Structure formats: structure tokens, C-alpha cells
Amino acid sequence: MFKKNNMDLIPILRGSVNLKVNDVNSAVGYAAIGGVAYTTYQISVKSPAKIAAGSLGTIALGLIWYYTKNEDRKDTKARYEHEERLAMIKHPNTSMQTDKEKNLCAFGEENEPIKQVIGVDTSLPIPIEENPNDILSRVSTIQNETFWTENILHNNGVNWLTSRSGQGKSIIAAQLGIEAATGGVSLLVPHGNGTAFEPIQVFWYDVELDDDDIYRRYFQHDFTFPESFKRVTDCGFPNESMLLEDIKARVMTNNKDCAVIIDNLTSIVPTIQPAKMNEFHHGLKQIQKEAKQMCFSVTFLVVVHTKSGEMWEQITDNTFAGSVQVARCATSLTAIEPTRIADDIKIVKNIKDRKNAKDPMVSLVKLVEAPYLHYEYLEDAKEMDVLAQKPKAVRKAAPKKTNKKQKVSKEDVKRIKEMKAEGIAVEDIAKKFNVSGKTIYGKLKL
1 MFKKNNMDLI PILRGSVNLK VNDVNSAVGY AAIGGVAYTT YQISVKSPAK
51 IAAGSLGTIA LGLIWYYTKN EDRKDTKARY EHEERLAMIK HPNTSMQTDK
101 EKNLCAFGEE NEPIKQVIGV DTSLPIPIEE NPNDILSRVS TIQNETFWTE
151 NILHNNGVNW LTSRSGQGKS IIAAQLGIEA ATGGVSLLVP HGNGTAFEPI
201 QVFWYDVELD DDDIYRRYFQ HDFTFPESFK RVTDCGFPNE SMLLEDIKAR
251 VMTNNKDCAV IIDNLTSIVP TIQPAKMNEF HHGLKQIQKE AKQMCFSVTF
301 LVVVHTKSGE MWEQITDNTF AGSVQVARCA TSLTAIEPTR IADDIKIVKN
351 IKDRKNAKDP MVSLVKLVEA PYLHYEYLED AKEMDVLAQK PKAVRKAAPK
401 KTNKKQKVSK EDVKRIKEMK AEGIAVEDIA KKFNVSGKTI YGKLKL
């Protein structure tokens, strides 16, 4: 009986499992009403035990109803705010738009695929079969497979950047976005060896910097951000699914090659667990897949913290949040480490790269303030020759032993007896003559 199409059962099964909170509220509410009726009846027949049981059951059901109703109210509010934000992305206030933005919105409304931007299906896709030659027609639409920073960031890839606190990952993440929106050659690669690229649209999800930070880093030397560089603020999300929906809405409305920088993931979605990293990565890949079907690419850079550790310890593919899941599927994984050379010189190390062979060398980059705060390539080096060193333990010197004076002259003996007669303690007399108390007692017997 199931031979016809077993796939037809999937929506039915999903619907039977995913009960709405409102349905639970209704069921509990009806049960509570029934409990009140039951208790009232037992009162009429004067059954104390059953009255107590009915009362307790009714109270318990009432508490459950109140809790589920309250949680439903919270979820509804969060969902309403999120959907309102997505609506603003798709239908912005036209009075605040430039002519270019109005034309872009009008273009998007005429294209049916752009309308369906809400929701990212993170379920497993249905496997398909094809001849490998079909890949040529898809790849030919994506230019510059290796992106502007060679093994740090790949076009149409999901790239991850990590470091311990205070090592400049937000500076480098923003720099990569500015360079992508500007075009040209990155300053993070050897001079003359970088790949020139065309400017693209950049969406920078930023919760690391406030307005004062932005001003100090980018507006001290008459710098102006490219028009195609957009900073997304107030972007805290209750869960990773809402973040994926927001990203998809923006890139699909943009409808052309773009880069999305998430700085940083655990701050934007505080509730995300390491075990969820694989699902989040799959959600990003799903957005890329849909973008490719519409003939444009989406490049992701996800910034994450490392686990706790010392500054002089190497960062590997298992020392950052969600490392097991990310290392398995990331296009590239790059770490920033401190050096023993200077505080403003950092190590940029490629931990993993699906596109290139692993490089045994690391890059040294130096912090530069103008025209905005960024890093520039210096040279390659061996990691263990430049990595910050563990501070040497400082041994406390043992106090010097005082050589006790052993010989006491006749004049000293006379003075010792006088001091004793004056009531001075033996210990104080011993300190005065730099001898032991035993020696003083011996001289007093003479």
C-alpha cells in the first residue's frame, strides 16, 4: 500500500509531530475546565480525598497552561519582530531610498524567484543524479574561483576565521569586506602576487563594534566606506534559523554576487551550540545553492572565538567553538595568532583549505592606521620561529643567610652583662652583637 509514493507520508508525519503551541494551550485549558467541574462534583458528594486530588490536578493544569501561554506570547513577539525586519528588507521605506535602490527593488519585484526569500530549508536535500559534464554550465557562471586573499577567502565558499580575544579578527574581517566592496588586490597577500577582483556587494553583520569604535578605526584619516559596503546592526537573533532567513532575504533581494561577513557568530546567536554548527553550515550552503541557480554567487566569512587557551599555544582545527563540525565542512579555516616580535604584528595561519595544498609557512601582517585601521602583509615565516613564547617562570631568590658572629671580646662580654642588668632581653642582645642567643647565655655565666 506504500509503494505508490512513500514521500507523500513525510508532510503528514511532520504535521503530526510538530504540534502548535496554541493547540497545547487549548488542550490544557479544556483539561483545567474539566478539572474544575470534577472537583465541584466531588464537593457536592462530599468526598474529601477526591476533592483534594481534583484541586491539585486543576492547579497543576492551570500552571502548565499559564507557562505555555507565556512562552507562546514570547515566541510570537520574537517572530513578529523578525518578520517585520524581513518585511523592511523586502519593502523598504521608499522615501529614504536613492533612485538606484528604488530601481533595484522594482527589478526584484518583477522576478518571481526573488519573492520567495523567507525561510531556509535546512532539511537534507533529495539526492539527484547527473553527468559530471553538467558542472561546466554551472561553474562557468562563477568567476575567480580563488578569491582576493588566495587561501584565506574563497569565492562561493564558506570560510571561517578564528582567534583568541584581542588579536584583531574583527579588524581583518572588516578589512576583507572593505576590500571586496572596493575591488583591486588585497593588502593581506604578498605585494604583486594578489589576484585583482571586481567590486561586489558586502553585508557585514556586526555586533562587535559600537559607533565610537567605528569612528576611531575608520574616520581618523578621511576614509569613506564604499557604497556597496553595508553594515547590518541590531542583529541579535534568538536562533540560527532566523539569522539564516535574514541573510537569505538580503542576498536574494540583492540578486548579484555578494559577500556576507558574520562577526561574530556566537555574539549574534548566543544560543547556538557547537553541535548546531553543522546545521548552520548546511543552511549557508543551501543559500549558496539557490543563489547559484539564479546565476550569482554568495561568499561567506564566519568569525568565531577559539576555546580557552594560552596565547603562546598553537591554534589548530580542534581549538575553537564547534571545531569538529566546522573543520569537516569548511572551505577554508584561518587563524590569527600573536607573535613574539611585537604587539602590532600578527600571524595569519591557514589551518585548512579545500582548494589548495596546506602551506607549511605562515604570513606575518602588521597593523597600519591609515587610511583606516587594517593589516598589511610583511613576509612569510615558520610558525614556531615567531609564535608568542610562554613567559619564563621567575624564581624568587632565597633570603641571604646572616653569618653569625661567633667570637665575642672581653669588652663585649662586659657590655652584654651591663645590658642584661638593664633589663634588655637576651634575644635583643643577640641581635645587637650578631650572635645566637645560646652564645649570650654562655657569656652571662662567665
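Just so we're aligned: 147 in full-length UniProt numbering is position 147 of the sequence shown, and the numbers increase by one with no gaps anywhere. We put the beta carbon where it would ideally sit given N, CA and C, even for glycine. From a predicted model like this one, the values you see are computed outputs, not experimental measurements.
| Check | Outcome |
| --- | --- |
| Closest Cα partner of Glu240 within the set Val260, Val251, Thr266 | Thr266 |
| Exposure label - Ser363; buried when at least 16 CB within 10 Å | buried |
| Extent of the continuous beta strand (DSSP E) to which Asp206 belongs | 201-206 |
| Backbone CA spacing between Phe296 and Lys355 [nearest angstrom] | 20 Å |
| The stretch 154-163 / the stretch 180-190 touching (three or more Cβ pairs under 8 Å) | no |
| DSSP three-state assignment for Tyr372, whether helix, strand or coil | coil |
| Lys191 to Gln220 span [Cα, whole Å] | Checking the sequence, you will find His at residue 191 rather than Lys. So the alpha carbons of these two residues sit roughly 25 Å apart. |
| Endpoints, the beta strand (DSSP E) within which Asn350 is located | 345-353 |
| CB contact flag (Leu243, Val269, <8 Å) | yes |
| Alpha-carbon to alpha-carbon, Pro391 and Ile178 | 37 Å |
| For Val303 and Asp263, believed in contact at Cβ under 8 Å, the rounded distance | 4 Å |
| Span separating the alpha-carbon of Glu227 from that of Val202 | 10 Å |
| Arg231 and Asp206 closer than 8 Å at C-beta | yes |
| Other residues of its chain near Lys223: CB distance less than 7 Å, five sequence neighbours each side excluded | Strictly speaking, residue 223 in this sequence is Phe, with Lys absent from that position. Closer than 7 Å at Cβ, skipping near neighbours: Pro371, Tyr372. |
| For Cys258: DSSP bridge partner residues | Gln201, Val298 |
| Proximity winner among Arg164, Val426, Asp134, relative to Ala335 (alpha-carbon distances) | Arg164 |
| Closest by C-alpha distance to Ser186, when choosing among Glu245, Asp134, Asn434, Leu378 | Leu378 |
| Beta-carbon proximity of Trp204 to Ile261, cut-off 8 Å | yes |
| Residues that Val304 bridges to, as DSSP identifies them | Thr162 |
| 8 Å contact criterion, which Thr339 and Lys346 should meet: CB distance rounded | 6 Å |
| Whether Val413 touches Lys445 by CB criterion (8 Å) | no |
| Helix, strand or coil at Leu209 [DSSP, three-state] | coil |
| N- and C-terminal bounds of the beta strand (DSSP E) containing Val435 | Counting along the chain, Val435 falls outside any beta strand (DSSP E), and DSSP gives it neither H nor E. |
| beta-carbon Lys276 near the ligand SAH non-hydrogen atom, thresh 7 Å | Looking for the ligand SAH in the displayed structure turns up nothing, as the structure carries no ligands at all. |
| Thr439 classed as buried or exposed, judged by whether at least 16 other C-beta atoms fall within 10 angstroms | buried |
| Assigned secondary structure, Arg340 (DSSP; H/G/I helix, E/B strand, else coil) | coil |
| Where the beta strand (DSSP E) through Lys414 begins and ends | Taken as a continuous stretch (DSSP letters only), Lys414 belongs to no beta strand (DSSP E), being part of the alpha helix (DSSP H) at 410-421. |
| Between the CA atoms of Glu422 and Lys431 - distance to the nearest angstrom | 16 Å |
| Straight-line gap, Lys352 to Ile59 (C-alpha atoms, nearest Å) | 57 Å |
| CB of Val298 within 8 Å of CB of Ile287, strictly | yes |
| Buried or exposed by the 16-neighbour rule on C-beta atoms within 10 Å, applied to Ala425 | exposed |
| Through-space distance from Gln389 to Tyr441, alpha-carbon basis | 57 Å |
| For Ala181, three-class secondary structure by DSSP | helix |
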